[in-house]
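Working notes, structure below.
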Amino acid sequence: MEYVNVIKSFIKSKINEADASGVVIGLSGGLDSAVATKLCADTLGKKKVLCLLLPTKDTPKDDTGDALEFAKKIGVKYKIINISDVVKKFASAIHGKGKKEMGNIHARTRMIVLYYFANKNNYLVVGSGNKTELLMGYFTKHGDGACDIMPLADLYKTQIRELAKHLKIPEKIINKTPRAGLWEGQTDESELGIKYDVLDQILYGMKKGLKNNEIAKSLCVEISEVKRIKNVVSSTKHKRKMPRIAR
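Each step along the sequence shown adds one to the number in our numbering, with nothing skipped, and position 102 is 90.
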């Protein structure tokens, strides 16, 4: 795979540019963070990679178990820090409630912990977001979207699945239902309202400049679904840009 070398070169160059001593990654037990971790370990060496496992009471136990097993298998450094108490105290202070709002607090709390260890060790924070999530705005602004480098952000979710096979990521991680673990029963595709296999093809068709009806016909989906995806991509542009400056 050509882009493996491109990604490794990118990681190495950004570490050198920042004169950083290594990287820190939030390892969730899911596909993307496992792939990002493996690429960083292969590029920099396992001693320069710190994985943080940051579960809450809502995190599926098998996710934490899979993350721990994976970190041990490839030999990177790791820490397990349960952030439930921090989230609970913060939510209590602001009278926080609401499933999505609390989910975003979880993600932003993880960001704070990641940057603490990055600052402490002169590391860069590696984000594991993919192109599909970025285009759909499917991430928490200043949460899991906050990082120093994003080595996977030019690959669609389906491409990362293939890359994972190439990197020999454990099958149980590859085949796991994609989920952020922000609340019980949450899955990515249920929130997005579409399967990744179809979504990626719609997004790719948009990139190629195909018309709505051309995309819909080629994938046997409703034109309204293509329009919905285009609207989501457009309405989430602000999440992919730095804050606007009045001039």
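Note that beta-carbon positions come from the ideal geometry of N, C-alpha and C, so glycine has one too. For clarity, every value in this text was computed on a predicted model and none was experimentally measured.
CA nearest to the CA of G238, picked from K199, R98, V186: Because the chain here runs from -11 to 235, residue 238 falls outside it and cannot be looked at.
Span of the beta strand (DSSP E), counted from its first residue to its last, around L41: The sequence position of residue 41 within the sequence shown is 53, counting from 1. Annotation for L41: the continuous beta strand (DSSP E) segment containing it runs 37 to 41.
Cα-Cα separation, L40 to D54: Counted from its first residue, the sequence shown places residue 40 at position 52. Counted from its first residue, the sequence shown places residue 54 at position 66. Going by the C-alpha atoms only, they are around 13 Å apart.
Limits of the beta strand (DSSP E) - the one that L112 falls within: If you number the sequence shown from 1, residue 112 lands on position 124. Going by DSSP, L112 is part of the beta strand (DSSP E) stretching over 111 to 114.
K67, DSSP secondary structure in three states: One-based indexing of the sequence shown puts residue 67 at position 79. Strand.
Under 9 Å between C-beta atoms of K0 and L32: Position 12 of the sequence shown, counted from the first residue, corresponds to residue 0. Position 44 of the sequence shown, counted from the first residue, corresponds to residue 32. Taking C-beta atoms as the reference points, K0 and L32 count as a pair closer than 9 Å.
Exposure label - C135; buried when at least 16 CB within 10 Å: Position 147 of the sequence shown holds residue 135. Flag for C135 reads buried.
Other residues of its chain near W171: CB distance less than 8 Å, five sequence neighbours each side excluded: Here residue 171 refers to the residue found at position 183 of the sequence shown. For W171, where only same-chain residues beyond five positions count, the Cβ hits under 8 Å are D46, K87, M90, G91.
Closest by C-alpha distance to Y66, when choosing among V101, L15, M138: Sequence index remark: in the sequence shown, residue 66 carries index 78 (1-based). Checked all of V101, L15, M138; the closest Cα to Y66 is L15.
Close beta carbons around I69, own chain, < 8 Å, minus the five adjacent residues each side: Counting from one through the sequence shown, the residue named residue 69 turns up at place 81. Closer than 8 Å at the Cβ level, and outside the excluded window around I69, lie L40, L41, L42, V101.
Proximity to S212 [Cα-Cα], best of V12, N200, K129: Within the sequence shown, residue 212 is the residue found at index 224, counting from 1. S212 has its Cα closest to that of N200, out of V12, N200, K129.
Beta-bridge partners of G14, as assigned by DSSP: As a first step, residue 14 is located in the sequence shown; it is residue number 26 there, counting from the start. DSSP output for G14 lists L40 as bridge partner(s).
Residue nearest to E96 in terms of C-alpha spacing, selected from F127, G117, I137: The residue labelled residue 96 in the question sits at position 108 within the sequence shown. Checking the sequence, you will find Arg at residue 96 rather than Glu. Checking every option, the nearest Cα to that of R96 belongs to F127.
Exposure of C208, with buried meaning 16 or more beta-carbon neighbours within 10 Å: Stepping through the sequence shown from its first residue, residue 208 is reached at position 220. Label assigned to C208: exposed.
Per-residue burial, Y104 [other beta carbons within 10 Å of its own, 16 or more giving buried]: As a first step, residue 104 must be located in the sequence shown, where it is residue number 116. Burial check for Y104: the Cβ neighbour count within 10 Å stays below 16, so the residue is exposed.
Which of helix, strand or coil DSSP assigns to I157: Sequence index remark: in the sequence shown, residue 157 carries index 169 (1-based). Three-state result, I157: coil.
Distance between I233 and N163 (C-alpha atoms, nearest Å): Along the sequence shown, one-based indexing puts residue 163 at 175. Along the sequence shown, one-based indexing puts residue 233 at 245. Put simply, the backbone Cα of N163 is about 43 Å away from that of I233.
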